[in-house]
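In what follows, a structure is listed as structure tokens, so that the remarks can point back to it.
Protein chains: 2
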Amino acid sequence: MKKSMTTKEKLAALRQLMREQGLAAYIIPGNDPHASEYMAAHWFEMQWISGFNGETGTVVVTMDQALLWTDSRYYLQAGIELKESTIELMRESDLDCPSITDWLCGQMENGTCQNGKYTVGVNPEMFSVNTFKAWKNQLSEAGIGMKSVDLIKPLWTEGRPAIPQDKLYPYSEDYAGESVQSKLARIREMVNGKCPNGKWALLVSALDEIAWLFNIRGNDVEFNPVVISYAVLEADRCTLFVDEAKLDSAGRNYLEFNDITIQPYEAVFDYIRGLRGTIFYDGARVNEAVFEAVSPEAKAQHLPSPIIAEKAKKNAVELEGERIAMRRDAAALTRFFRWLEEEAFTNKDQRPITECDIMDKLHSFRALQENFVEESFGTIAGYRGNGAIVHYAATPDKCAEVKPEGMLLLDSGGQYLDGTTDITRTVWLGGDIPAQAKRDYTYVLKGHIALATVRFPRGTRGNQLDALAKQYMWAAGITYGHGTGHGVGHFLGCHEAPQNVRTDNNPTPLELGHIISDEPGIYRTGEWGIRTENLITVIPAPKTEVATTDDEWYAFETLTLCFYDTSLIDFSLMTPAEIAWINAYHQRVYDEVSPLLSADDAAYLAKKCAKL
Amino acid sequence: MKKSMTTKEKLAALRQLMREQGLAAYIIPGNDPHASEYMAAHWFEMQWISGFNGETGTVVVTMDQALLWTDSRYYLQAGIELKESTIELMRESDLDCPSITDWLCGQMENGTCQNGKYTVGVNPEMFSVNTFKAWKNQLSEAGIGMKSVDLIKPLWTEGRPAIPQDKLYPYSEDYAGESVQSKLARIREMVNGKCPNGKWALLVSALDEIAWLFNIRGNDVEFNPVVISYAVLEADRCTLFVDEAKLDSAGRNYLEFNDITIQPYEAVFDYIRGLRGTIFYDGARVNEAVFEAVSPEAKAQHLPSPIIAEKAKKNAVELEGERIAMRRDAAALTRFFRWLEEEAFTNKDQRPITECDIMDKLHSFRALQENFVEESFGTIAGYRGNGAIVHYAATPDKCAEVKPEGMLLLDSGGQYLDGTTDITRTVWLGGDIPAQAKRDYTYVLKGHIALATVRFPRGTRGNQLDALAKQYMWAAGITYGHGTGHGVGHFLGCHEAPQNVRTDNNPTPLELGHIISDEPGIYRTGEWGIRTENLITVIPAPKTEVATTDDEWYAFETLTLCFYDTSLIDFSLMTPAEIAWINAYHQRVYDEVSPLLSADDAAYLAKKCAKL
């Protein structure tokens, strides 16, 4: 048996296959077939070919060049990991960095082509239908062709991790709040409306959609409790394409009881080839390989996924689960913050505390909570200037020591069987607080409260509310580049479409039961990062007596239950209404969380929630 | 000679022509060929065929039916004016009213077709390229064809008003701030960038674009000082298509001096037929007839009009003109409000005052001002409940008596040679003010101030700021349906694309020199309407010392100069910062306007601007 190949050997082998296929370039994106945010190691093709271990990147290989596009978070890491690889780093956050398609068009114009033809190979499983089409259109204008072919599979035979084989498990209706049959009936009715008289099928390749639709969960990827699978819904049947190995008798019985046909994971393509009538797919979510499997005798038609839209509107049981999970999460956070304040820096052995210790400690307190499954994303513990790096991730070999002074930004969350949490608190660990730090913290807090307390008519979109969270820092000439709020799933993805609050145009109105985060921030390079984040959900607001129109009114309920660091507030900037809101919130935090705490922890919480 | 035809006779004659052309339906929209908001009477085809004299409506004629679609503003008027016409009123503001295309598709499905074919005739001059295409696509799905043909021209021979023959006049660079040559060079450079190596032409059919590009003005329609014409810009020439009759020697000399070729108005179609290369048109602005004239040997290509984008960004001279015009407009308003307060209800002959008297009086004070040309739109004087009707227009035979009590909403504006104004003030004429009236007025005022005072990073779109103007009334469960701000031209249209502040997604970011209105409102049916409107312009805001990013910052400068009715303010709802803003604004109003006033008027203004 051959030893594991070097990057140079892998590139040489790939180029041999490219030559056989007549390809001038081959593209390996850091994606999986399910448009997942977190991927199973089986699909780390970009990492395998390049030796670069960042989460985001795309490798482009031509006959004489190899390049990796990645963003500024990974410039340093990529520089080190690519050193021996011959792969050139393309810094895609830089303004002068060409896009991959522009770069390819440039290659074509430079005459770098094979027999007058320039064809780019891609694995269609790794592209959404929409992205594939957009690339194809742009490249074809430059005379470049695109060919669907998987060249990594024949190369990566040694040591490739299998597709995860963890068991899927039924997700109790006690948590989901709706039966599979009810969900299937609702979605079928919606699709029928698009195709009243005809035979149809709906292709589903996003894992959170499948998990929601069938009330199943799994352990196949980090942070998201999903099951690697495909699904096809038809008027008279539904089919789950999943590895046999993932089914124990409970799982199999559950699926069979619900009339969900089981087929092998790889069988999805043949199954789709056999479908006739109208084949609905969401071009933004379904991969190109699935789309290409549709028979020419059927009619493929884009349909924004009705599952995504329905999944986003949490039902009463899901929301009640979220509320209960939030109490447990807050109990863990209270215990953690007490440890940080009273124990961390006075430990017997005087060992220095690092950002990683903080991440581990917080995880350990969450892990003690009932129904805790895993974290909902990698904790961001950013001490001082590290807090200003928006996607900062401390690692054991590269993390800062934390001292009892200065600012700490802590963004973390848990997956509980009854709900998903995501919370950011920024706390001052000791020493004199600079006046600007207080002002920054207060601008963020005022924006956070403005969004949490807005009333708005039905039909309002998140981007209409974004400036409410920014208005106070804008007045001071400060802003931030990330979204103000992302959608959150129910014991599913911590980042969920389609609802959000961002500057970008997003046609989705906020709907009852949507959960979003409320997380404005201010970041001072090298000094501190401040972000304050709660999860909030859209609830009905009664029409007032003085209403002038028939509009239906909505408001937000704050779900997250954790005190703010009031030592960081500049009270001269706060209105009486804002202080009253904090007092009411802190009272609620104490009332709901203290019953879960020891007497000492409850006393600590009472102190943190003291009336201002 | 025949007497003028009745509506029934006109419909019969039209149906005869439809039969000859094989048309199952013919559509007469209330449009002109230039996508004008205000139209010359020559194009009142919808009004001519129907006898309905509202400004907005579309008539659809089939072999056995005739229908008029119009909105709720005109239901009453249309009901009366259509009485003898056999034309059925379609209430398009009602939720259950089908769109014209849906209605036509329904006719087709009902089997109402001619020899198995159903073809709809339209005059392509009256449709934008985009609207025509959208209709064509929808109708073709139902098997309905569309045919471009003008059937009104051969019918409406008796008494049709000519195309206006008023003289065009050069618009001085002292007001425009930029020479024709400079504008032509800038626009040519922008179009060249879209077609670097080829021959091109840019078609222009919107009258405000032509007026801006060539620095010409005219008197062809009410409220907008434009010249009925077409223009074609090419790399090496530009051509204005305009009636000979509109040119005196000054106009002709001006055009010739600037190398603008003159051709007859109707010659535009032949001229376009002769063009080759890439023919750019803005599908939202250019009419379908112009588009259809493009030769198959040329390449028609949509390009968002660079003229619209450049016109919207007022230069320093235009802005200075606006500021000066605002002072004169404010002098007229001050004189008017003093008349309303001190004279209107104490006139010797005790004649009752009506909304129309108020409109006339305001006009008469404006007419005394230097550089005043005409009103910029029809004044809205809405007394009490009439103020709650958003597009209310009093007419001599239908206007309310105004008494020295209750609320008056007054929305008006002027066209001055140096700038366009548009202002709304709501005032209390006497009697006890209900607490809710004060609260409503104050919510509106707070929103108006919030928008006027926001700082925002470059790239921000109007729809991101809309909620700032609504947040206070939203908190009380109140909202309004109209836009918060429309774009305003410079001695051109009082409603100008592309900048605005609305709930709708509009991809246009706010740019330096954009002028928009800031006009939130609250409307209580049968009680009162409250709207407060200033014009504001986007100005650079210096980066603050505490900025965290490299963003360029913008703010608004308030252009309008007129006091608010402070008797309507509920001070318990106001912040100290808001009161300080009003005081500073009132001080500025007094300082800038009082030099234009008589001593008595200045004393009145000082009282209205007294420090709160």
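So the protein lines, in turn, are chains A and B. Numbering-wise (numbering that gives the first Met the number 0), the first sequence opens with residue 0 and increments by one. Numbering-wise (numbering that gives the first Met the number 0), the second sequence opens with residue 0 and increments by one. Glycine included, every Cβ here is placed at the ideal spot set by N, Cα and C.
Closest Cα partner of L302/B within the set I186/B, S597/B and L408/B: Looking at the Cα atoms, I186/B is the closest of the given residues.
If contacts are defined as beta-carbon pairs under 8 Å, then Y553/B and I568/B qualify, I think. What distance do you get, rounded to the angstrom? 28 Å between Cβ atoms; not a contact.
The region 522–534 of chain A touching the region 481–500 of chain B, judged by at least three CB pairs closer than 8 Å: Verdict: no, contact absent.
Along the chain, where does the beta strand (DSSP E) containing M406/A start, and where does it finish? DSSP places M406/A inside the beta strand (DSSP E), whose first and last residues are M406 to S411.
Any idea if P305/A is buried or exposed, counting beta-carbon neighbours within 10 angstroms, 16 or more meaning buried? With 16 or more other Cβ atoms within 10 Å, it is buried.
Straight-line gap, E354/A to E556/A (C-alpha atoms, nearest Å): If you take the alpha carbons of E354/A and E556/A, they lie about 32 Å apart.
Boundaries of the alpha helix (DSSP H) in which S181/B is found, first to last residue: Segment V179 to K193, the alpha helix (DSSP H) holding S181/B.
For A200/B, three-class secondary structure by DSSP: In the structure shown, A200/B sits in a strand (DSSP, three-state: E or B).
With DSSP collapsed to three states, give me the class of M380/A. The identity of residue 380/A in the sequence shown is Ala, whereas the question assumes Met. In this structure, A380/A counts as strand in the three-state DSSP scheme.
CB contact below 8 Å: K542/B versus chain A: With 8 Å as the cut-off, K542/B counts as an interface residue toward chain A.
Validate contact between the region 381–389 of chain A and the region 361–369 of chain A using beta carbons, cut 8 Å, 3 pairs: Result no; under three Cβ-Cβ pairs closer than 8 Å.
What are the residues of the region 505–516 of chain A that lie near chain B, defined by any Cβ-Cβ distance shorter than 8 Å? Those would be P506, in chain order.
Helix, strand or coil for E8/B, going by three-state DSSP, please let me know. Looking at E8/B - three-state DSSP - the assignment turns out to be helix.
Within 8 Å (strictly less), CB to CB, does V453/A reach chain B? Under the Cβ distance rule, V453/A counts among the residues neighbouring chain B, one pair being separated by less than 8 Å.
Curious, which full-length beta strand (DSSP E) runs of at least 3 residues does the region 260–329 of chain A contain? The region 260–329 of chain A contains these whole beta strand (DSSP E) runs: 277–280 and 298–301.
Tell me whether the beta-carbon of L154/B lies closer than 8 Å to the beta-carbon of K182/B. Result no, Cβ atoms of L154/B and K182/B do not sit closer than 8 Å.
Check whether the region 97–106 of chain A touches the region 128–144 of chain A, counting contact only when three or more Cβ pairs, one atom from each stretch, lie closer than 8 Å. The region 97–106 of chain A vs the region 128–144 of chain A: in contact.
Using a beta-carbon distance below 8 Å, is N114/A in contact with chain B? For N114/A, the predicted model reports a pLDDT of 48, less than 50, meaning its position is unreliable; a value from the coordinates is still stated below. Answer no: the Cβ-Cβ gap between N114/A and chain B never drops below 8 Å.
Give the interface partners of W552/B over in chain A, defined as CB-CB distance under 7 Å, in chain order. Correct list: G476.
Is it buried or exposed for G250/A, if we count other Cβ within 10 angstroms and need 16 for buried? Around the beta carbon of G250/A, a 10 Å sphere encloses 16 or more other beta carbons of the protein chains shown; the residue is thus reported as buried.
Tell me which residues share the same chain as G78/B and place their Cβ nearer than 7 Å to its Cβ, disregarding the 5 neighbours each side in the sequence. By the criterion of a C-beta distance shorter than 7 Å, G78/B is surrounded in its chain by L88, once the five residues flanking it on both sides are discounted.
Verify the CB distance criterion: does D101/A have a CB-CB separation below 8 Å to chain B? Contacts with chain B at 8 Å (Cβ-Cβ) do not include D101/A.
Please state whether DSSP places N252/B in a helix, a strand or coil. Reduced to three states, the DSSP call for N252/B is helix.
Does Y168/A come out as helix, strand or coil in the three-state DSSP assignment? Reduced to three states, the DSSP call for Y168/A is strand.
Let me make sure I understand the geometry here. Which of F376/B, F562/B and V588/B has the alpha-carbon closest to that of E36/B? Checked all of F376/B, F562/B and V588/B; the closest Cα to E36/B is F376/B.
Strictly below 8 Å CB to CB, what residues from chain B border P456/A? The answer, in chain order, is W473 and T478.
What residues in its chain sit with their C-beta under 6 Å from that of E172/A, if we drop five residues either side in the sequence? Apart from the 5 residues on each side of it in sequence, E172/A sits with its Cβ closer than 6 Å to the Cβ of S178 in its chain, given in chain order.
I477/A to D564/A span [Cα, whole Å]: So the two alpha carbons sit approximately 21 Å from each other.
Could you give the distance in angstroms between the alpha-carbon of K542/A and the alpha-carbon of I514/A? Distance between the alpha carbons of K542/A and I514/A: 22 Å.
Would you check if there are 3 or more beta carbon pairs closer than 8 Å linking the region 582–595 of chain A to the region 456–466 of chain A? No, they do not touch.
Within the region 440–504 of chain A, ranges of the beta strand (DSSP E) (whole runs, at least 3 residues): For the region 440–504 of chain A, whole beta strand (DSSP E) runs of length 3 or above, ordered along the chain, are 484–486 and 495–500.
For L367/A, does the count of other Cβ atoms within 10 angstroms reach 16, so buried, or fall short, so exposed? Counting the other Cβ atoms within 10 Å of the Cβ of L367/A gives fewer than 16, which makes it exposed.
Going by beta carbon distance, what residues of the same chain come within less than 6 Å of I379/A, once the five residues before and after it are set aside? Hits under 6 Å: Y391 and D410.
Against chain B, with Cβ distances strictly below 8 Å, would Y391/A count as a contact? Look at Y391/A: its C-beta is not under 8 Å from any C-beta on chain B.
Closest to Q470/A by CA distance: which of I27/B, G484/B and G446/B is it? It is G446/B.
For Q349/B, count neighbouring Cβ atoms within 10 angstroms of its own Cβ and tell me buried if that reaches 16, exposed if not. When all chains shown are included, Q349/B counts as exposed.
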